[in-house]
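Mapping the sequence shown onto my numbering, position 7 (from 1) lands on 131, and the numbers just tick up by one. The beta-carbon is built from N, C-alpha and C at its ideal position, and this holds for glycine as well. Keep in mind it's a predicted model, so treat the numbers as computed, not measured.
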Amino acid sequence: MALAEIELCGELMIAASTAAEERLSFARIDEVLEVSHCGSPTAN
């Protein structure tokens with residue numbers, strides 16, 4: 125598990141170092157981490 129987390133951190137560092145802007149947007153972070161949102165959560 126730790127190795128996977130280290131790999132993800134590395135991917136984020138690479139993306140940050142090549143980004144034109146000062147910070148990565150949440151959308152770019154999701155793209156790098158291959159996260160997809162399936163809609164908004166519902167409140168109960």
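DSSP three-state call for M137: helix, strand or coil?
M137: helix per DSSP, three-state reduction.
Beta-carbon separation of V156 and E135 under 9 Å?
yes
Taking just the CA atoms, how far does L148 sit from A140?
6 Å
Identify the continuous alpha helix (DSSP H) that holds E155 and give its terminal residues.
150 to 156
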